[in-house]
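In what follows, a single structure is set out as structure tokens and then discussed.
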Amino acid sequence: MDLLALADFNLVARHGGFGKAARAAGRSKATLSRRVTELEAALELRLFERGARNLKLTEEGRALHERTAALLTELDETAATIASGAEKPRGRLRISAPLLLSQTAMGKIAAGFALKYPEVRLEITTEDRAVDMIEEGYDLVIRVNPDPDETLVGRAFLHDRLVVVASPDLLRPAADIPAPGVVRGASNRQTWNVTASGGPATIRIEPVLALSSLIMVRDAVRAGVGVARLPISLVSHDLADGTLLHWGDIEGSEIALWALYPSRRLLSARVRAFLDFLKQVFPNGTPDELAGYIGR
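Count along the sequence shown starting at 1, add 59, and that's the number in my numbering.
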């Protein structure tokens, strides 16, 4: 396979058309069209559906683009590394991170990384949904308790757990009486099994607020409106100061944050650098380390 023709094909696929690709690369549109046509002839496959006004990848073209675009990028990086005589992180690093970590810590993490590696252009997108790393062009995703995926590998770099907390002004009711609750998501009556200093216990709640963000939940609990389940890293300063009280640990609520990347890809210098930086920031991966990084 002609690697130059393959590179031209990926260029056109990435930009969604010959004209856009030609302008972006400063190349001739006719040359790009010819090289893609030659690649199609060599593979005996149609890679694009050519309409009057648009260009669309065929199923075979999409598969070729997904499987070769990252590899070509890695070849370019390897060549640049060899030419410079050292493997130095550089280029764009795209990361998808969950909402809570982004709101509380990713700004500081990104700033520290940018100062240490000024030649890396870091881009972080906040989202809790599952993403297709190859299709959407991410180098790394950070997820909470991810489902097993044979196409991804990585490491857990932080651990946390859920605790039940409330304002000191909120009296704890008897076991058979529900407490007012602040919940994330569904607002139906709930029962929480906890482990407290006195042993296992059950807390019944009647939701009075249903909010979409754990930051919002924490702020509502601080205001004394109800009891809530929250990561201990998010409320550890409140517990230490006595502005919130600990009603117990939610049973089986261990949380692990994983940094994941595609298993079939070579690990680039910039991804390695970011993973090492996470290890530097959270050497033991404990909730206390995250709480210290979050601040008050």
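Each residue gets a CB set at the ideal place from its N, CA and C atoms; glycine is no exception.
Since we're looking at a predicted model, the values are computed, not measured.
Annotation for Val190: no beta strand (DSSP E) segment contains it, and DSSP assigns it neither H nor E.
With 16 or more other Cβ atoms inside 10 Å of its own Cβ, Gly213 counts as buried.
Under the three-state reduction of DSSP, Asp235 is assigned to coil, being neither helix nor strand. When DSSP states are grouped into helix, strand and coil, Lys115 belongs to the strand group. Considered as a whole, the region 232-303 harbours 273-281 and 291-300 as its complete alpha helix (DSSP H) runs of no fewer than 4 residues, in chain order.
Per DSSP, Gly171 is one residue of the alpha helix (DSSP H) stretching across Gly166 to Lys175. For Asp219, the enclosing beta strand (DSSP E) starts and ends at Leu211 to Asp219.
The continuous alpha helix (DSSP H) containing Gly78 extends over residues Phe77 to Ala84.
Counting the other Cβ atoms within 10 Å of the Cβ of Ala234 gives fewer than 16, which makes it exposed.
In the DSSP assignment, Tyr197 falls outside any beta strand (DSSP E), carrying neither H nor E. Assignment of Ser155 by DSSP, reduced to helix, strand and coil, places it in the strand class. A distance below 7 Å separates the beta carbons of Pro239 and Val267. Straight-line measurement puts the Cα of Lys338 at about 14 Å from the Cα of Lys175.
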